[in-house]
Amino acid sequence: MTRTTMFLEHFELADSEVGGELSRDATWVPAVVPGGVHEALLQAGRIPHPYLDQHERDITWIEQRDWWYRTAFEGPTDLAADERVRLVFHGLDTVVDVTLNGEHLASHENMFRPLVVDVTQLLRPRNELVLRFTPPLHGLGVADAPREMLQRLMAVMGASLTEEGDEGGGSSFEVMPIACQRRKAAFSWGWDFGPRVPSVGIWRPVELRRERRGVLSSHFVSTEQVDREAGTATVRLSVEAEVWASRGAPSARMVLAPADGQPTMVVVPLTVDDGTARGEALVTVDDARLWWTNDLGEAHLYQVTTTLFDGEDEVDELVDRVGLRTISLHQAEDPEGGNLFRFVLNGVPLFARGANWLPASLMVGSVAPETYRMLIQRAHDAGMNMIRIWGGGIYEHQAFYQACDELGVLVWQDFMFAVIDYPSADPHLQDEVRAEAEYQVKRLRNHPSIGLWCGNNEVQALHGYAYQNYEPGDWGWHFFHDILPTAVAEFAGKVPYWPGCPWGVAEAEGFMAVNGQLDGDRHAWEVWHGLDYAMDPSRFASIGHARHFRRYAEDRGKFISEFGIHASPELSTLRTWMTSDGLALHDSDFQHRNKDHPKNKHNAVLEIVTGLPTTLEEYADFTMVSQAEGLKFGIEHYRRRQPHCSGTLVWQLNDVWPGFSWSVIDHHGVGKAGYHYLRRVYSPTLASFRDGDDDTLELWVTHNGLEPVATRCVVTVETFAGDVTRRDELDVEVSPGGSQMVWSIPRVGVGDPTTHLLRVTTDDGAFPANRLFLAEVKDLQFGAARLDWTVEPTGVGTASITIASRGYSYLVRVLSPTPGVSFSDNYLDLRDGQSVRIEVSGLPEGFDLAEFDVGGYAGQQVTSVRG
């Protein structure tokens, strides 16, 4: 092989006035590469952590300075005539000028695509590389397209749309009419889940590549067809290379090797046109190990080795991993009305069970691979088979997609556009987006986890509110309906493209079809925001009832790609980042953690569900209950409706910082109550109760898998005191993709709804036990309870906790003693005399088991006794 790579990592960092010269006595500090300015300044002790207390306000000056990076490196002095050297900047955030040895190399203004420069003729034995980053919004005015769109939206939705945030920097809607002209992560400017801490700097690796005669620029393993009965897969292999100074005919060899079994080798002839060599071959892979989502089978991966030849000489080689699978969207007519919207993997229809993904930190360049693995493992363990990468963030690092590949999690991949009209008629911006789309699709297309490319987040939905149409124009149309689908069609094989999230075209719903219930996907924000995309809010007694999670029961959507409810993280996470001695409910530090507006939005719902909290402990528990019970209610409803509904993606999986949000996993990796509820309702087989409109109580069994499920279950009506007033045994069999009612009784005669509940169990573990409360949580008469518990070490970094309940205990949990700890179960109900064993992993070395604590619901009298 003739490719050699040197990573440039040892940079220094300094700052100057915008547009000014760098002072001769400027203070240089070691830079974090890959990473960003904030990480370097933190490391140097020049700034407090922006997540700590309210210090984000103290670092706003960073986005008002020019930032200089410099490094020196040795250049090769023995280059042959057939060699070249290129500098590859995999990610520059965002507006930057690059010089080498005092000579201007390039200007760049796109966070989402690399900068590659041939420096063969510029290298010296000793070289100095300098990058100057300018504030990305410097010199930009408000674009016409988003300005007019916001004016129209404000006429419809009111001035609250641009309500100023508590950081003094304004809302994202104030910034986005400017920021939409730069290809930078939209959430950088603040969002309703996190603060304004715009990253800047070298956020992905820098390489100095020495290449000879030819280099592989891309390759693609596209599964055209699978035959599950025959055990074969038809695969299209594509190769593209740059060649120069050739001595023979170029060709490529591709070898697909499973973890076990026989490899498949193919020689791909290449045709050269103006220095670019391309070729493809079609091959049948026998005994094909297919890639499946984790609920349907094994996520088999093949190692693919691509070798480039110049005549008989090997000149370049790349090794990565791929999966053999087909993926498509099934949008046939739905007998219920409208059209289905479901993913089909290897010929098998899916119910997508998952969540929306946000960047794992505001400092996007320094997220560790271990963090990605931990979070995707958490999703896998919760029964998720799909993650949506939200269009206001970033195209993620390779570690994210590798984890999804290995753990059998599909990715709904948004292109990075969100919530504003974009000036898409601008030729320069079109060129940037076209280059970005080609690069990202080619970069990610070999990951079997990529299940769909989507044009944007909520651009069409908001444009439709403003204009009541989606006619071609200077608002993003050129991107979402031309440039992006063209890139996917040309470079992504058979992976589908979808114009927006949400998107739909049912004529009967008019311009509201984009978030309607008859076609495509929808965002169900009637709950939480109290908005009304498709239903009439005037029917509700109060704003609390209009925001209540029981509204999910009216939703007839085909695929719910966003829905969520706010909740506090565990108090241990908050206290890590809130250092004031007098931390109190709704004080300044507390309010600062909540970026949603108005900040008391949840109160109207809490008044109904749990009652209003009066302490921090109650706030954490009450909001977690509202989220957990609400998501449980909604997902049970949507899953019972399959195949008419074929997916639920909760907003949101994770957090960008330690604050209050819709996440089910907080910034420390700790699962909220909602996470553990999801783990149960996302089980492949779900037994759920429905409180019917006709005063009946029903039990449904829903199943997703490759084979039918048959089980015997027990349904009881019982009291919190432990008395069983009715007991029925049922034999149940449900086919793959099926959902059916298996039991019902009249609600009349069940008993006092504040003291009785319904419960379903099975002895063979076919599904998790489930229950139905018959009244709001605040009205339930749980009674007093006692939890007796013990803890014992079980290995390095692991422990086991056994908890036994006297009386009915609601929301029993082991409190997280340290960031990143994982629990096999948590936040669960225990009946009188019932016990549970919870396995704990991820404990740091030397952890003291005395730091564990077990508790119950703050709204119930619970005594916790350690044995």
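Mapping the sequence shown onto the working numbering, position 369 (from 1) lands on 1721, and the numbers just tick up by one.
Even glycine gets a Cβ: it sits at the ideal position worked out from N, Cα and C.
From a predicted model like this one, the values you see are computed outputs, not experimental measurements.
What residues in its chain sit with their C-beta under 6 Å from that of residue i, if we drop five residues either side in the sequence?
i     : result
R2158 : R2138
D1518 : At D1518, the pLDDT of 49 sits below 50, so the modelled position is not reliable and the matter cannot be decided from this model.
D2047 : R2099
T2150 : S2193
A2127 : P2105 and T2106
W1543 : S1524
I1411 : I1399 and P1402
Go through its chain and collect everything with a Cβ distance to residue i's Cβ below 8 Å, but skip five positions before and after it.
i     : result
Y2029 : A1980, E1981, L1983, K1984 and Y2179
G1566 : A1593, E1594, V1595, W1596, S1598, P1602, A1629, L1660, D1662, V1667 and D1668
Q1406 : S1940, D1941 and H1944
V1437 : G1427, P1428, L1431, D1470, V1471, T1472, L1475, L1560, R1561, R1562 and E1563
Return helix, strand or coil for residue i, following the three-state DSSP convention.
i     : result
P2036 : coil
F1359 : strand
M1506 : helix
Q2212 : coil
Q2223 : Because the chain spans 1353 through 2219 in this model, residue 2223 falls outside it and cannot be assessed.
V1716 : helix
T1628 : strand
F1661 : strand
N1691 : strand
G2089 : coil
V2206 : strand
D1757 : helix
V1389 : helix
L1670 : strand
L2051 : strand
D1941 : helix
R1902 : helix
H1881 : helix
R1874 : strand
R2165 : strand
What does DSSP give as the partner residues of residue i in its beta bridges?
i     : result
G1553 : D1445
A1609 : Q1655
C2065 : L2082 and T2114
V1578 : A1585
E1922 : DSSP lists no partner for E1922.
A2151 : P2145 and V2192
Residue i and residue j: beta carbons closer than 8 Å?
i     : j     : result
T2037 : R1991 : no
G1896 : I1960 : yes
N2122 : V2129 : no
N1821 : F1863 : yes
S2161 : D2181 : yes
L1964 : L1935 : no
R1899 : V1847 : no
W1855 : G1828 : no
R2031 : D1612 : no
A1704 : L2001 : yes
F1831 : Y1774 : yes
V1771 : E1823 : no
P1498 : M1463 : no
M1606 : L1589 : yes
A1839 : L1505 : no
G1546 : L1714 : yes
Can you tell which of the options has its C-alpha closest to the C-alpha of residue i?
i     : options                       : result
E1788 : E1461, P1498 and A2210        : E1461
W1541 : L1489, R1588 and S1574        : L1489
T2071 : M2093, L2109, D2046 and G2090 : L2109
A1432 : V2033, G1735 and R1564        : R1564
E1364 : R1376, W1380 and G1372        : W1380
F1485 : T1356, S2035, L1727 and V1389 : V1389
R1902 : F1911, I1917 and K1910        : I1917
S1998 : L1870, I2017 and I2097        : L1870
V1656 : R1673, R1398, D1430 and M1528 : R1673
H1996 : I1679, F1915, G1909 and V1785 : G1909
T1575 : N1952, D2115, H1799 and G2147 : H1799
I2155 : D2200, F2204 and E2197        : F2204
Excluding the 5 residues preceding and the 5 following residue i in the sequence, name in chain order all residues of the same chain whose CB lies nearer than 7 Å to its CB.
i     : result
S1924 : L2167 and S2168
M1887 : Its pLDDT being 48, under 50, M1887 is placed unreliably in this model, and the coordinates cannot settle the point.
V1635 : V1587, L1589, T1616 and V1618
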